[in-house]
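Residue numbers (the working numbering), protein chains in the order written: chain A, 20 to 345; chain B, 20 to 345; chain C, 20 to 345; chain D, 3 to 104; chain E, 3 to 104; chain F, 3 to 104.
Report on the following structure.
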Amino acid sequence: MTEILTIAGQNLLSPMILCFALGLAAALARSELTVPEAAAKALSIYLLFSIGFKGGVAVADHGIDARLLAALAGGVVLSFLLPFAAFAMLGVLTRMSHIDRAAVAAHYGSISIVTFVTATSVLAARGITSEGYMVAVAAAMEAPAIISALWLVSRSGQGRAEMDADLWREILLNGSIVLLVGSFMIGLVTGAPGLARIESFIVSPFQGVLCLFLLDMGLVAGRGLRGSRGVLGGGALLFGVLMPLAGATAGLGMGLALGLSTGGVALLMTLAASASYIAVPAAMRVALPEANPSVYLTLSLGVTFPFNLVLGIPLYVAVAGAVTGG
Amino acid sequence: MTEILTIAGQNLLSPMILCFALGLAAALARSELTVPEAAAKALSIYLLFSIGFKGGVAVADHGIDARLLAALAGGVVLSFLLPFAAFAMLGVLTRMSHIDRAAVAAHYGSISIVTFVTATSVLAARGITSEGYMVAVAAAMEAPAIISALWLVSRSGQGRAEMDADLWREILLNGSIVLLVGSFMIGLVTGAPGLARIESFIVSPFQGVLCLFLLDMGLVAGRGLRGSRGVLGGGALLFGVLMPLAGATAGLGMGLALGLSTGGVALLMTLAASASYIAVPAAMRVALPEANPSVYLTLSLGVTFPFNLVLGIPLYVAVAGAVTGG
Amino acid sequence: MTEILTIAGQNLLSPMILCFALGLAAALARSELTVPEAAAKALSIYLLFSIGFKGGVAVADHGIDARLLAALAGGVVLSFLLPFAAFAMLGVLTRMSHIDRAAVAAHYGSISIVTFVTATSVLAARGITSEGYMVAVAAAMEAPAIISALWLVSRSGQGRAEMDADLWREILLNGSIVLLVGSFMIGLVTGAPGLARIESFIVSPFQGVLCLFLLDMGLVAGRGLRGSRGVLGGGALLFGVLMPLAGATAGLGMGLALGLSTGGVALLMTLAASASYIAVPAAMRVALPEANPSVYLTLSLGVTFPFNLVLGIPLYVAVAGAVTGG
Amino acid sequence: MQTHKARRVEIIIEAPMESRLTAALERAGVTGFTVLPVLGGSGRSGRWTREGQVGRQGMVAVVCLIRPERLDTLLEAAFEVVERHIGVVSVTECEVLRAERF
Amino acid sequence: MQTHKARRVEIIIEAPMESRLTAALERAGVTGFTVLPVLGGSGRSGRWTREGQVGRQGMVAVVCLIRPERLDTLLEAAFEVVERHIGVVSVTECEVLRAERF
Amino acid sequence: MQTHKARRVEIIIEAPMESRLTAALERAGVTGFTVLPVLGGSGRSGRWTREGQVGRQGMVAVVCLIRPERLDTLLEAAFEVVERHIGVVSVTECEVLRAERF
Ligand SMILES: Nc1ncnc2c1ncn2[C@@H]1O[C@H](COP(=O)(O)O)[C@@H](O)[C@H]1O
Ligand SMILES: Nc1ncnc2c1ncn2[C@@H]1O[C@H](COP(=O)(O)O)[C@@H](O)[C@H]1O
Ligand SMILES: Nc1ncnc2c1ncn2[C@@H]1O[C@H](COP(=O)(O)O)[C@@H](O)[C@H]1O
Ligand code: NA
Ligand code: NA
Ligand code: NA
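Take a look at the structure:
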């Protein structure tokens with residue numbers, strides 16, 4: 020317990036979280052501060068490239084771990100199953116339409132890579148290592164949840180999901196998956212000598228870049244929250260906090276079953292607890308245009324993302340440490 | 020005197036000033052070289068964040084200085100009063116309309132944060148320290164001058180200033196104030212440990228980023244100058260050089276009265292000498308649409324900004340050193 | 020021979036080339052991964068500034084080399100003459116129209132600065148030094164080829180080239196020439212002390228930035244290739260590989276005649292072998308609007324650029340080493 | 003296809019005035035509008051380009067499709083805001099699909 | 003100068019649907035179109051701006067100049083794509099130079 | 003509100019030609035125009051998007067509101083520049099506020 024509080028306190032007072040809070044506050048106060056779209060996208064490319072590359076180098080260093088494939092499969096299973104839990108929980112807590120519930124469920128089965136990146140930086144600050152291939156697991160968990168959600172819609176007969184080959188390609192080859200997996204493989208191939216050549220670009224400035232990126236995330240989340248006041252009822256807000264906890268619990272079980280390290284368990288909990296706000300929303304606009312974007316974006320970006328960032332991650336790290344004895 | 024020449028010489032041959040000169044020359048020669056708007060904005064976010072954060076950390080390290088509040092008040096007073104001096108000087112030197120004079124006056128009471136940043140980098144290069152809270156003073160000096168200018172207009176009855184609650188919010192919560200104050204507070208809270216985590220992002224590359232940013236400022240200033248040939252007469256040009264000297268003198272007096280360090284005095288002189296070209300122009304377009312933007316932009320960005328950068332800052336640093344004996 | 024294979028192998032497995040390959044693969048697989056235009060332009064500004072500055076500092080350190088002017092003249096001569104070789108080779112290998120041949124020829128006489136930058140990074144990785152003024156040679160080689168191409172068109176009477184003073188200014192003061200020459204001169208003036216101030220910005224992150232930039236180049240080249248399938252016949256493709264080899268041979272001869280160092284010869288070979296895809300295409304759209312942009316862009320960006328990057332540069336470095344005994 | 007008469011109003015205005023214009027449009031009962039970026043332009047107050055700018059100066063184009071009978075209310079609301087500022091307002095006749103949206 | 007009657011169709015649509023719309027236009031025999039960026043807007047589904055977005059959400063404007071006789075085919079193709087999605091379609095009469103291009 | 007007849011000319015042209023076009027317009031006595039960015043498009047010379055580009059290729063849209071009687075001068079000036087280049091020109095009838103501005 021004190022462990023949790025210590026981590027939470029340290030986390031709360033880290034420059035990253037304070038930057039996020041600054042962005043949130045600025046947006047809620049209607050400041051015109053903005054990070055240009057192109058700059059925010061460039062920062063996210065940097066973060067994805069850096070984390071993928073470092074993951075690949077870590078795997079190259081330690082040799083391909085036998086658990087790599089098992090972990091990938093475990094992540095995919097989680098991403099497939101979590102939407103069902105989310106869908107059911109929304110049925111209990113809210114009066115959302117069938118389609119909205121399915122769309123939200125897709126988001127919570129998928130993952131938020133920024134939440135993942137922030138968790139890796141919390142682990143790094145505490146000196147906890149993790150499996151390098153967790154970035155590959157993150158990539159593998161992006162898409163399966165979409166299938167579950169579309170299946171939930173088609174089963175109900177209350178809507179029509181528009182899936183075509185183009186959409187599948189867009190989902191599976193979306194920018195963050197390609198960049199994450201691609202840079203992971205580059206890191207794997209070039210290993211430590213490759214890292215040495217670009218270390219002062221992708222390692223040292225990483226946490227500072229993350230600060231600016233989270234500042235922008237705070238601005239975007241805050242603007243989203245302001246624009247959608249009244250969209251979410253109390254039940255939905257509750258869902259936005261309970262669902263990550265449920266996801267983290269599932270991630271914990273899976274992580275232990277896979278025999279991951281303390282850091283690996285904490286990251287899998289974070290992945291399961293996080294909700295997508297880039298890849299899945301775009302897919303939903305195409306496949307389920309009737310679902311209300313305000314609902315799913317506000318939940319995933321306005322509620323769950325801040326919750327994970329501020330309270331969730333320290334909690335998951337502490338629990339993973341306690342359970343694995345790490 | 021030799022001191023001034025030495026500093027001026029070193030300053031003139033620094034990469035920053037040469038980058039500014041390159042931009043200016045390229046624009047005047049009508050090269051199509053441009054820094055994309057989004058990139059320039061990203062660079063300015065970096066500079067503001069870095070300088071605010073480092074200021075906060077400095078204050079956290081040395082403890083809250085008793086003079087902090089006094090310095091803030093002193094800055095606000097300067098920003099309120101300088102527009103009256105500017106307005107009067109314009110009346111003597113030029114035949115500008117009442118409204119144009121008021122609009123220009125607002126710019127010179129307010130501050131240019133890039134000029135401030137460049138001055139901190141000149142101080143750093145000479146090993147002169149300054150009060151960390153000077154960035155907060157800079158933020159506090161952005162807005163008051165606008166009030167003075169609008170009062171000058173309403174008093175004259177020769178125009179109508181459109182002020183509404185929205186405009187006040189836009190001015191007080193404009194991007195650079197929020198970012199500067201916000202990152203100052205983050206630095207204050209996280210202190211040296213926070214800085215350690217992001218040092219290689221916000222400290223080491225700082226001067227290089229400033230170079231590219233000044234390159235862009237040179238391009239923008241040069242394009243502005245080309246587009247507004249003939250807008251300014253000799254009197255206005257003279258104002259663009261005399262007013263910063265007047266402002267610096269006022270800043271010197273205030274700095275000595277406040278008992279600031281050598282570096283602090285030099286920075287307050289720089290702030291008082293500098294003229295806004297971001298926040299105030301936008302406010303003027305809303306509040307005083309009849310004022311001619313070419314006049315105030317050309318003066319502040321095309322004349323006073325280069326003057327301060329090249330000659331003003333070394334002069335203020337040398338004078339502050341001589342007067343405080345620092 | 021083994022030397023070539025070693026260099027080629029090391030090059031192939033460097034993070035830079037793998038990033039380029041990742042971008043190419045992503046684009047060919049129709050992933051929606053993109054680097055925002057503003058970010059890509061910002062990266063290229065960084066690369067040009069950094070390489071120009073470092074070149075200037077190198078010249079400042081070693082003193083102005085007597086061969087500087089000769090090297091500039093040599094580069095200009097190459098740029099003037101190579102279009103004739105290209106034009107003739109296209110006549111033999113393809114059935115392109117006169118105008119298309121001239122337009123393509125202009126590209127191959129001019130240079131690709133990214134190819135040059137990549138070559139400097141390969142040299143640096145192998146510890147081979149080169150003349151700092153090679154960046155000035157690169158800048159000098161951008162424009163002359165355009166004149167040769169327009170002369171080829173006007174001589175033939177089969178088209179009309181639209182040249183005006185504006186176009187000359189646009190070509191001679193295009194962004195990359197101005198930035199390269201400007202930062203070279205800044206480096207020359209500020210020398211090692213200037214470098215020390217911005218070293219952690221322009222030196223250490225350089226190779227990492229190059230990685231992200233080449234990722235984007237891969238994406239752009241891949242999208243270009245997809246969009247222009249069928250535009251090039253086998254003869255044109257062959258030209259895209261043979262012409263750089265011919266250019267490199269000319270560059271080798273010129274480099275030896277000039278008495279350049281091993282690194283200098285390798286860089287001059289690279290410059291001669293590379294083809295423009297920024298400055299020249301824009302000039303061709305204005306001067307020779309009837310020439311088909313798909314043809315020259317696909318050849319220079321889709322065929323020759325990857326060829327040089329992957330095979331050409333290691334070959335030129337190895338040959339330069341073998342011939343100069345460096 | 004079934005189309006319906008409407009008007010397309012295009013207002014080019016300084017960026018700092020954008021939020022004031024759209025607020026006025028909303029007060030005037032306009033149900034929708036679209037904001038497009040502007041790179042540069044020229045008019046009585048001279049030539050400008052986005053590249054010669056720092057900060058959020060510059061202009062935007064606000065496009066508004068509206069039923070013909072509501073045009074006058076819109077123009078009055080827009081004029082109120084535009085009056086003292088630089089910028090231009092143009093109105094074109096057009097047809098729209100899905101009239102229920104306007 | 004010699005001009006020719008044509009129609010200018012403007013379709014404002016969500017960015018993720020852009021490639022589907024342009025593919026449908028091409029299938030309907032449209033020979034050309036231009037895509038413009040959109041900064042923000044407002045409609046039945048509320049207000050949005052590019053700044054309140056992550057990823058590739060947002061909208062684009064697709065402008066299509068077309069011979070009058072081809073208008074119906076185009077509108078049907080566009081409607082097919084737009085139908086279930088947010089966005090607006092407007093048609094204006096216009097004149098074009100160089101009719102051979104359309 | 004009082005409006006005045008005018009024409010809205012929209013010229014979509016390659017970015018390297020922009021300055022030549024606006025210079026020609028100014029020589030033809032055009033008092034104002036607005037330049038909008040273009041993301042991509044398709045035409046006789048094929049499909050292009052801003053993302054498949056390096057450097058300053060790409061296109062822009064130049065919008066020009068003009069009194070009807072000046073239209074021909076404008077079109078001739080524009081045609082001069084556009085003639086050998088890819089791009090399209092369209093003209094729409096419109097009404098403008100504040101006629102004294104045109
Ligand atoms: N005739 C026009 N056609 C199109 N845009 C115009 C016209 N006149 C002015 N504008 C736009 O409105 C801005 C301000 O115009 P003005 O108020 O005349 O200075 C210009 O920079 C243009 O972007
Ligand atoms: N009346 C209108 N005029 C111009 N643009 C509109 C209009 N209505 C909707 N839009 C645009 O279409 C988008 C979606 O509209 P809607 O489907 O009504 O939510 C809005 O965000 C606007 O960009
Ligand atoms: N019918 C059209 N409608 C709208 N824009 C067009 C049309 N035709 C061409 N364009 C635009 O003009 C550019 C060049 O067209 P083209 O000269 O036909 O290759 C295209 O990339 C489009 O941006
Ligand atoms: Na999840
Ligand atoms: Na001041
Ligand atoms: Na060449």
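Heads up, the beta-carbon is just placed ideally off N, CA and C, and yes, glycines get one too.
Predicted model, so just to flag it, every value in this text is computed and none were measured.
Check the C-beta distance from residue i over to residue j and give it rounded, since I have them as a contact under 8 angstroms.
i	j	result
D:C96	E:S92	5 angstroms
E:R103	F:V90	6 angstroms
E:G105	D:G34	This structure does not reach residue 105 of chain E, given that chain E is present from 3 up to 104, and the question cannot be answered.
E:A63	E:L38	4 angstroms
C:A255	C:L318	6 angstroms
A:T343	A:T281	4 angstroms
C:A124	C:G74	Contact flag wrong, Cβ pair sits at about 28 angstroms.
For residue i, does the count of other Cβ atoms within 10 angstroms reach 16, so buried, or fall short, so exposed?
i	result
C:S175	exposed
B:G28	exposed
F:G57	Confidence is the limiting factor: at F:G57 the pLDDT is only 49, short of 50, which leaves the residue's position unreliable, though a coordinate-based value still follows. The residue in question, F:G57, is buried, as its Cβ has 16 or more Cβ neighbours within 10 Å.
B:V136	buried
E:E71	exposed
D:R29	exposed
B:R120	buried
D:L76	buried
D:V84	buried
C:R304	buried
Comparing the CB of residue i with every heavy atom of ligand 5, is any distance shorter than 8 angstroms?
i	result
B:A159	no
Taking 8 angstroms as the cut-off, is the beta-carbon of residue i closer than that to any non-hydrogen atom of ligand 8?
i	result
E:C66	Although ligand 8 was asked about, the structure shown includes only ligand 1, ligand 2, ligand 3, ligand 4, ligand 5 and ligand 6 as ligands.
Does the distance between the C-beta of residue i and the nearest non-hydrogen atom of ligand 1 fall short of 8 angstroms?
i	result
E:R46	no
D:I88	yes
Kindly examine ligand 3 and report whether one of its heavy atoms sits closer than 8 angstroms to the Cβ of residue i.
i	result
E:R103	yes
D:W50	no
E:T36	yes
Tell me whether residue i, by its Cβ, gets closer than 8 angstroms to a heavy atom of ligand 2.
i	result
D:T33	yes
Contained alpha helix (DSSP H) runs [length at least 4] in the region 260-316 of chain C, N- to C-terminal order | Entirely contained in the region 260-316 of chain C, the alpha helix (DSSP H) runs reaching 4 residues are, in chain order, 281-292, 298-306, 312-316.
Secondary structure, alpha helix (DSSP H): runs of 4+ residues fully inside the region 23-106 of chain A | You should have 34-47, 56-81.
Going along the chain, which residues of the region 183-202 of chain A sit with their C-beta nearer than 7 angstroms to a C-beta in chain C?
-> If the cut-off is 7 angstroms between Cβ atoms, the region 183-202 of chain A has R188, E189, L192, N193, G194, V197, L198, G201 near chain C.
Of all the beta strand (DSSP E) runs that stay within the bounds of the region 103-180 of chain A, which reach a length of 3 or more residues?
-> The region 103-180 of chain A contains no whole beta strand (DSSP E) run of 3 or more residues.
Using a Cβ cut-off of 7 angstroms, which residues of the region 213-236 of chain C contact any Cβ in chain A, in chain order?
-> Hits within the stretch, in order: S223, P224, Q226, G227, V228, C230, L231.
Unbroken stretches of the alpha helix (DSSP H), 4 residues or longer, contained in the region 16-67 of chain D | Counting only runs that start and end inside the region 16-67 of chain D, the alpha helix (DSSP H) elements of at least 4 residues fall at 20-29.
Within the region 72-100 of chain F, note down every full alpha helix (DSSP H) run reaching 4 residues or more, in order along the chain.
-> Whole alpha helix (DSSP H) segments, 4+ residues: 73-84.
Members of the region 32-50 of chain D near chain E, C-beta cut-off 9 angstroms = Look at the region 32-50 of chain D: the residues with a C-beta under 9 angstroms from a C-beta of chain E are V32, T33, G34, F35, T36, V37, L38, P39.
Ranges of the beta strand (DSSP E) found wholly within the region 182-251 of chain A, counting only runs of at least 3 | Within the region 182-251 of chain A, no complete beta strand (DSSP E) run reaches 3 residues.
Could you name the residues of the region 28-57 of chain A whose beta carbon sits closer than 8 angstroms to any beta carbon of chain B, in the order they occur along the chain?
-> Cβ proximity to chain B below 8 angstroms picks out L32, S33, P34, L37, C38, L41, A44, A45, A48, R49, S50, E51, L52, T53, V54, P55, E56, A57 from the region 28-57 of chain A.
Contact residues within the region 62-95 of chain D, judged by C-beta distance below 8 angstroms to chain B | Result list: R86, H87, I88.
Name, going along the chain, the residues of the region 4-29 of chain E whose beta-carbon falls closer than 7 angstroms to a beta-carbon of chain D.
-> Within the region 4-29 of chain E, the residues whose Cβ lies closer than 7 angstroms to any Cβ of chain D are, in chain order, I14.
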